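K.L.:
In the numbering used here, the protein residues as written are 37 to 163.
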């Protein structure tokens, strides 16, 4: 079992072992950052292969569940709830600037876009 120091887990122990219920978290793009969406990575690495999916477009919410990873530089990666890949929390050029923030309500549309990103708005950047 992997040690996951950042997980917010509600865990209970039973006679058969450790049953863990992972809480889903909702995120959206930080309106103060220069990026409008994030390309999903296949691994917890900014330079990892892209999956072709994009999250965060046009203010949409996306969900993560469970797995988190922090690299040697301090970048934190979150595994998407649907298992399709990983996104990172901070601007790779300045780790002090968060590019995603917790979504305060779930009334906004949840979305993971599939595609090559050709329709990304011209006034925003995809990282």
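Backbone N, C-alpha and C define an ideal beta-carbon position, used for all residues, glycine too.
Just so you know, these numbers come straight off a predicted model, no measurement behind them.
Can you give the beta carbon distance from residue 92 to residue 115, rounded, assuming they're within the 8 Å contact cut?
P.N.:
Here residue 92 corresponds to residue number 56 of the chain shown, with the count starting at 1. Here residue 115 corresponds to residue number 79 of the chain shown, with the count starting at 1. Not really, about 16 Å apart at Cβ, beyond 8 Å.
K.L.:
Answer with buried or exposed for residue 110, where buried requires no fewer than 16 other C-beta atoms within 10 angstroms of its C-beta.
P.N.:
Taking the chain shown and counting its residues from 1, the one referred to as residue 110 is at position 74. Answer is exposed; the Cβ neighbour count stays below 16.
K.L.:
Please give me, in chain order, every unbroken run of the beta strand (DSSP E) with length at least 3 that falls completely inside the region 57–108.
P.N.:
60–65, 71–77, 86–91 and 98–106, all fully within the region 57–108.
K.L.:
Hey, could you find the ends of the beta strand (DSSP E) residue 132 is sitting in?
P.N.:
Residue 132 sits at position 96 when you count from the first residue of the chain shown. Start and end: 130–134.
K.L.:
Between which residues of its own chain and residue 82 is the CB-CB distance below 7 Å, once the five residues before and five after are set aside?
P.N.:
Residue 82 sits at position 46 when you count from the first residue of the chain shown. Same-chain partners within the cutoff: 111, 124 and 128.
K.L.:
Check residue 127 in the structure and name its three-state DSSP category.
P.N.:
Locating residue 127 in the chain shown gives position 91, counting from the first residue. Here residue 127 sits in strand by DSSP.
K.L.:
Would DSSP call residue 163 helix, strand or coil?
P.N.:
Here residue 163 refers to the residue found at position 127 when the chain shown is read from its first residue. If DSSP states are grouped into helix, strand and coil, residue 163 belongs with coil.
K.L.:
Assign residue 75 to one of two classes, buried (16 or more other C-beta atoms within 10 Å of its C-beta) or exposed (fewer than that).
P.N.:
Stepping through the chain shown from its first residue, residue 75 is reached at position 39. The residue is buried, with at least 16 neighbouring Cβ atoms inside 10 Å.
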